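With our numbering, the residue at position 53 of the sequence shown is 72, and numbering never jumps.
The C-beta atom is built at its ideal place from N, Cα and C for all residues, glycine as well.
Predicted model only: the values in this text are computed from it and were never measured.
Structure record follows, encoded as C-alpha cells.
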Amino acid sequence: LKSDLDKQDGNLKYILTGEGAGSIFFINESTGKIYVTQKLDREEKPFYTLRAQAINKSTQLPVEPESEFIIKVRDINDHEPQFLNGPYVATIPEMSPEGTSVIQVTATDGDDPSHGNSARLLYSLIQGQPYFSVEPKTGVIRMASQMDRETKDQYLVIIQAKDMVGQPGALSATATVTINLSDINDNPPKFQQRLYYMSISEEAPVGATVGKVFAEDSDIGENAAMDYFIEGDNSDVFDIITNNETQEGIILLKKRVDYENKRRYSIQAKVVNRYIDDRFLQEGPFEDKTIVKINVEDADEPPVFTLENYVMEIVEGSMNGSLVGVVTARDPDSDHSPV
Ligand SMILES: *[C@@H]1O[C@H](CO)[C@@H](O)[C@H](O)[C@H]1NC(C)=O
Ligand SMILES: *[C@@H]1O[C@H](CO)[C@@H](O)[C@H](O)[C@H]1NC(C)=O
Ligand SMILES: *[C@@H]1O[C@H](CO)[C@@H](O)[C@H](O)[C@H]1NC(C)=O
Ligand SMILES: *[C@@H]1O[C@H](CO)[C@@H](O)[C@H](O)[C@H]1NC(C)=O
Ligand SMILES: *[C@@H]1O[C@H](CO)[C@@H](O)[C@H](O)[C@H]1NC(C)=O
Numbered sequence: 020l021k022s023d024l025d026k027q028d029g030n031l032k033y034i035l036t037g038e039g040a041g042s043i044f045f046i047n048e049s050t051g052k053i054y055v056t057q058k059l060d061r062e063e064k065p066f067y068t069l070r071a072q073a074i075n076k077s078t079q080l081p082v083e084p085e086s087e088f089i090i091k092v093r094d095i096n097d098h099e100p101q102f103l104n105g106p107y108v109a110t111i112p113e114m115s116p117e118g119t120s121v122i123q124v125t126a127t128d129g130d131d132p133s134h135g136n137s138a139r140l141l142y143s144l145i146q147g148q149p150y151f152s153v154e155p156k157t158g159v160i161r162m163a164s165q166m167d168r169e170t171k172d173q174y175l176v177i178i179q180a181k182d183m184v185g186q187p188g189a190l191s192a193t194a195t196v197t198i199n200l201s202d203i204n205d206n207p208p209k210f211q212q213r214l215y216y217m218s219i220s221e222e223a224p225v226g227a228t229v230g231k232v233f234a235e236d237s238d239i240g241e242n243a244a245m246d247y248f249i250e251g252d253n254s255d256v257f258d259i260i261t262n263n264e265t266q267e268g269i270i271l272l273k274k275r276v277d278y279e280n281k282r283r284y285s286i287q288a289k290v291v292n293r294y295i296d297d298r299f300l301q302e303g304p305f306e307d308k309t310i311v312k313i314n315v316e317d318a319d320e321p322p323v324f325t326l327e328n329y330v331m332e333i334v335e336g337s338m339n340g341s342l343v344g345v346v347t348a349r350d351p352d353s354d355h356s357p358v
C-alpha cells in the first residue's frame, strides 16, 4: 500500500483489515508491503477482500478515506484432469460407416477455466488406432474404419485428456472405453457340404426321418435364424423342416418309396436367412443350395396276394376233391423269392 500523502518520513502507518488480515496476510506498517504467510489455493478461495488505511502517527487520524481492495489468487496448473464417468462401455453395430459417433468422453479439470490454459483440455487416443479416432476438443469417439464383428467383437480404447491444451507442463488423465460391436446380418447361411448322401428303407413310413443337412451362419441370434426348403423335382416325395434349436434341416419322407420302382432320388435343398437386412442384399441373396442324393434300400418284403379278396363259385354236389378256384400271391422283392 502506498498513500500519495506519504512523505517517506516515517510519520504514516498502514493498517490492513478484512479477510485474512493478520493471519493470512500481514503488512509492514511502515513500508506498506503486504506479505502472505501461507500457501493459497485458488480452488479453495479465489479472492480476498481487504481494506487499507493510512494513519498519521502523530494525530492517529486517517490521512485519507479507507479503501477496499481485492487480492486475487492467480491460478496455476495444480489440478490434473479427471474422467469422472469412466470407465466407459459402448456398443455400436458392426460395419458402421467411418465417422459414426460411438460415445463422448468428458474429463473435468479443477483449474480456472477463465485464466490461461490450465483447464483447457485436449483429448487424444492412446490405444485404438486405426479403428477409432477422438475429436481433440470434444472427446467424441468415432469409427475410423468399418469393422466386422465376426473378426473381432470387442475393442479396448484408451483416451488421454491433457490440460494446457497439451503443451509442455500439462497434466493428464486416461480413461478406458470398452467398445462392443453388435451383430448385423451380414453373412448368409452356407451348407457344410455341396453334396449329401442319405438312404431310406422302402419300408419306412410317411413322416420318417431321412437325414439332416446343416448350414452355418457366422452371425448370431436372429441374424443366424434360417429356414430350409426343398425345391423342384421330388418335392412331392420328400419334405424338410427346420429345427429351430439346432438350426438343422430335417428331411422327412412325404410319400412311401419303393425300391423296385425307383431306387435313387436327388433333391435340391435350399436354406434362407429368416430375417434379411436390406443393406446387404446387393451382395447376393442370403441363401445357399445343396444337393441331397437319397438311395432307397431294399427290404425283404412279405408276399402279397394278387387280389385283396376273391370270389369263387362251385357247383353243388361236386365231388370231394373238385377244383374250387386259384389264389395267387407274388413276392415284391426283385429276386422273386418263391411263395
Ligand atoms: C518493516 O520494514 C522495515 C524496512 O524494510 C524494516 O526495517 C522493519 O523491520 C520491517 N518491520 C517488520 C515488522 O517486518
Ligand atoms: C501529520 O500530522 C501532523 C500534525 O498535525 C502534521 O504536521 C503532518 O503534516 C501530518 N502528516 C501527514 C503526512 O499528513
Ligand atoms: C460387451 O461384450 C462383453 C463380452 O462379449 C459382454 O460381456 C458385455 O456384456 C457386453 N457389454 C455390452 C454393454 O453390450
Ligand atoms: C421354427 O420357427 C419358425 C418361425 O418362428 C416357425 O414358423 C417354424 O414352424 C418353426 N419350426 C419348428 C420345427 O418348430
Ligand atoms: C375227402 O377226401 C379226403 C382225401 O381224399 C379225405 O381225407 C376226406 O376225409 C374226404 N372227406 C369226406 C367228407 O369224405
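- Between the region 238-252 and the region 186-194 there are fewer than three inter-stretch CB-CB distances shorter than 8 Å, so the stretches are not counted as touching.
- The C-alpha of residue 358 lies about 14 Å from the C-alpha of residue 345.
- Taking 6 Å as the cut-off, one finds no heavy atom of ligand 2 near enough to the beta carbon of residue 50.
- In the three-state reduction of the DSSP assignment, residue 96 falls in the coil class, being assigned neither a helical nor a strand state.
- The way I'd put it, the region 82-100 does touch the region 65-74; three or more beta-carbon pairs between them come closer than 8 Å.
- Proximity annotation: ligand 5 has residues 339, 340 in chain order, each selected because its CB is closer than 7 Å to a heavy atom of the ligand.
- In this structure, the beta-carbon distance from residue 56 to residue 46 does not fall below 7 Å.
- Taking all protein chains shown into account, residue 151 has 16 or more neighbouring C-beta atoms within 10 Å of its C-beta and is therefore buried.
- Take residue 271, set aside five residues on each side of it, and the residues of its chain with a beta-carbon closer than 8 Å to its own are 226, 227, 228, 229, 257, 258, 259, 260, in chain order.
- When the alpha-carbon of residue 21 is set against those of 208, 41, 293, 88, the nearest one is in 88.
- The alpha-carbon separation between residue 334 and residue 282 amounts to approximately 48 Å.
- Remark: the C-beta of residue 141 is outside contact range of ligand 2, defined as less than 6 Å to any heavy atom.
- Listed as beta-bridge partners of residue 181 by DSSP are 141, 191.
- The three-state secondary structure of residue 236, taken from DSSP, is coil.
- In the pairwise beta carbon analysis, the region 89-103 is classified as touching the region 132-143: at least three pairs are separated by under 8 Å.
- Remark: C-beta atoms of residue 37 and residue 69 approach each other more closely than 7 Å.
- At a cut-off of 6 Å, the beta-carbon of residue 20 does not count as near ligand 2: no heavy atom of the ligand is closer than that.
- With contacts defined as CB atoms closer than 7 Å, residue 153 and residue 120 fail to qualify as a contacting pair.
- Checking the DSSP bridge columns, you'll see residue 220 partnered with 316.
- Beta-carbon to beta-carbon, residue 111 and residue 200 are separated by about 6 Å, close enough to satisfy the 8 Å threshold.
- Partner residues in the beta bridge of residue 175, as assigned by DSSP, are 197.
- According to the DSSP assignment, residue 53 belongs to the beta strand (DSSP E) that extends over 53-55.
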